[in-house]
Amino acid sequence: MNVVIYFSLSKDLNSKKVALTYEGDKFELVNNEKKYKSAFMNMFIYGFRTIRNKDVKFETPEIDFDKYDTVILVSPVWAGKVNLFMRKYLE
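Taking our numbering, the leading residue of the sequence shown gets 323, the next gets one more, and so forth.
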């Protein structure tokens with residue numbers, strides 16, 4: 323059985339759309355940080371924070387990984403790196 327963990331900050335929720343194409347249980351990393359109205363500002367601010375590896379606040383889902391054979395991570399790439407929210411989750 324699969325578990326799909328995804329994060330999406332865009333208003334189009336592109337990562338969620340990709341996550342929904344996989345079979346299995348889905349969990350979202352929910353942003354508790356300020357979300358800017360401008361897509362450019364979101365990309366600029368969080369891209370900078372990604373490069374600098376700054377801390378971010380988000381809700382971490384409770385997942386029993388013993389139930390799953392495969393873990394699928396779906397995340398955007400910001401400034402050429404895995405986005406900060408997913409990277410902090412993996413730490």
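Where a beta carbon is used, it is the ideal one built from N, C-alpha and C, also for glycine.
Beta-carbon spacing of V340, F380 below 8 angstroms: no
Cα-Cα separation, E275 to Y328: The shown model of the chain, from 323 to 413, leaves out residue 275, and the question about it has no answer.
message: Which residue marks the beginning of the alpha helix (DSSP H) containing L406, and which one marks its end?
response: L406 to L412
- request: Compute the beta-carbon to beta-carbon distance between K410 and V378, rounded to the nearest angstrom, for a pair I have assumed lies under 8 angstroms.
  value: 6 angstroms
- request: Report yes or no: do the stretch 357-366 and the stretch 384-397 share at least 3 C-beta pairs separated by less than 8 angstroms?
  value: no
- request: Would you list the one or two residues that DSSP bridges to V326?
  value: DSSP lists K348 and I394 as partners of V326.
query: In or out: V399 buried (at least 16 other Cβ within 10 Å) or exposed?
result: exposed
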